[in-house]
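Position one of the sequence shown corresponds to residue 748 (our numbering), numbered consecutively onward.
Ideal Cβ placement from N, Cα and C applies to all residues, glycine included.
Computed from a predicted structure; not experimentally measured.
Single-structure report; data block below.
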Amino acid sequence: MINFFRKIRKKLADDNKPLKYMRYAIGEIVLVVIGILIALQINNWNEERKATIIEKNYVQSIYQDLKRDLRIVESNIEKLSYQYTIGITVLRALELKESAAIDSVTLTRRIGWDLSQIIPVERKKNTWDGLKVQGAETFIISDSLKGLLNSFYGAFDLHIERFNQLPKKVRQELRELTGTCHDGNSVQAIFENGIQFYGRSSPKLRYCILTNKNIPKLVGAISISSIVNIRLNKELKKEVEAVMSYMENQFNFLQKEI
């Protein structure tokens, strides 16, 4: 292409002998500038293509991480809802002495096992975490996406921190408290028959759990914390779904992964 322009420029210069040298010199400069601009443009295209490929790979990985996080949040909602339902049933049975509504064996198992189970509210390190640690967030070109990711994971981490400060501690305390009511017979019976046998073989265990004045307080605390954390997890679910929806609309290749 440069040779083509050079021939045209030489012909024009030859038509006017006095200005031949000047035209030739200016033409050479123009051709050099054009060549540089073309080379820069080609280089820019290549760099943009490389950046797009890199972003695509990271976007796909981040999207898969978000799908996993959504499953974690949904699982938390399910487990917390289950504990809330059990907590209300236990409190009513303890307060109203409705022995017909729930037998002492079931009540003991729900207090000593179901309610005291520690729900692991946590998340694994992911692609976005890695990019931030490396200071490589620029691989994600979209500033809007970066803002959404920071907002969601910031809220997620804060929720985990708050959850571990109180609800986890309360469940642990309830488990330790009911654990002091066990004797050798009850522990052996649970080992031999499974957790569904919790409290069936030991009247002492049932009496100890059902008469402890601190247990209703702990059950109430767990029920309240379940309500709060269900709401927080539902908000997290909406936020992660919003991030995923934004990504699906912005990156057509993600439609194949839905």
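Let me confirm a value: residue i is counted as buried when at least 16 other C-beta atoms fall within 10 Å, else exposed. Which label applies?
i      : result
Ala840 : buried
Ser891 : exposed
Thr925 : buried
Tyr810 : buried
Val880 : exposed
Thr832 : exposed
Arg978 : exposed
Phe903 : buried
Asn976 : buried
Leu854 : buried
Given a cut-off of 8 angstroms on the beta-carbon distance, is the pair residue i and residue j in contact?
i      : j      : result
His906 : Leu813 : no
Ser863 : Arg918 : yes
Asn980 : Ile824 : yes
Leu965 : Leu921 : yes
Tyr948 : Asn959 : For clarity, residue 948 is Ser in the given sequence; the question names Tyr instead. Their beta carbons are not under 8 angstroms apart, which means Ser948 does not touch Asn959 by this criterion.
Gln830 : Ile942 : no
Please report the distance separating the alpha-carbon of residue i from that of residue j.
i      : j      : result
Arg870 : Gly946 : 34 angstroms
Thr885 : Leu838 : 53 angstroms
Leu915 : Tyr805 : What sits at residue 915 in the sequence shown is Lys, not Leu. Rounded to whole angstroms, Lys915 to Tyr805 spans 34 angstroms at the Cα level.
Phe944 : Gly859 : 12 angstroms
Leu896 : Arg909 : 20 angstroms
Trp875 : Lys826 : 27 angstroms
Phe752 : Gly882 : Low confidence applies to Phe752: its pLDDT is 48, below 50, so where it sits in the model is not reliable enough to give any reading.
Phe998 : Leu878 : 19 angstroms
Gly967 : Ile800 : 53 angstroms
Val934 : Pro950 : 13 angstroms
Lys872 : Gly901 : 13 angstroms
Asp861 : Tyr993 : 38 angstroms
Val868 : Asn911 : 8 angstroms
Lys985 : Asn940 : 42 angstroms
Pro963 : Met991 : 41 angstroms
Gln788 : Ile776 : 18 angstroms
Using a Cβ-Cβ cutoff of less than 7 angstroms, which residues in the same chain neighbour residue i once the five nearest sequence positions on both sides are dropped?
i      : result
Val987 : Leu813, Asp816, Leu817, Val820 and Phe899
Asn961 : Leu924
Lys893 : Glu884 and Ile887
Ile865 : Lys915, Arg918 and Gln919
Glu802 : Phe886, Ile887 and Ile888
Cys955 : Cys928
Ile937 : Phe944 and Tyr945
Ile971 : none
Ser822 : none
Give the DSSP-derived three-state secondary structure of residue i in the structure shown.
i      : result
Leu895 : helix
Ile809 : helix
Leu913 : coil
Arg839 : helix
Leu952 : helix
Ser863 : coil
Glu869 : coil
Gly967 : helix
His929 : coil
Phe998 : coil
Ala989 : helix
Ala902 : helix
Asp876 : helix
Lys960 : coil
Leu888 : Looking at the sequence itself, residue 888 is Ile, so the reference to Leu does not match. Note: Ile888 maps to coil in three-state DSSP.
Arg947 : coil
Ala883 : coil
Gly834 : helix
Asp816 : helix
For residue i, which residues of its own chain have a beta-carbon under 8 angstroms away from its beta-carbon, when the five flanking residues on both sides are left out?
i      : result
Ser851 : Gly946, Arg953 and Leu957
Arg856 : Ile942, Gln943, Tyr945 and Gly946
Ser828 : Ser973 and Ile977
By Cβ distance, which residues of its chain are closer than 6 angstroms to residue i, with the 5 residues on each side in sequence left out?
i      : result
Ser808 : Thr874
Ala989 : none
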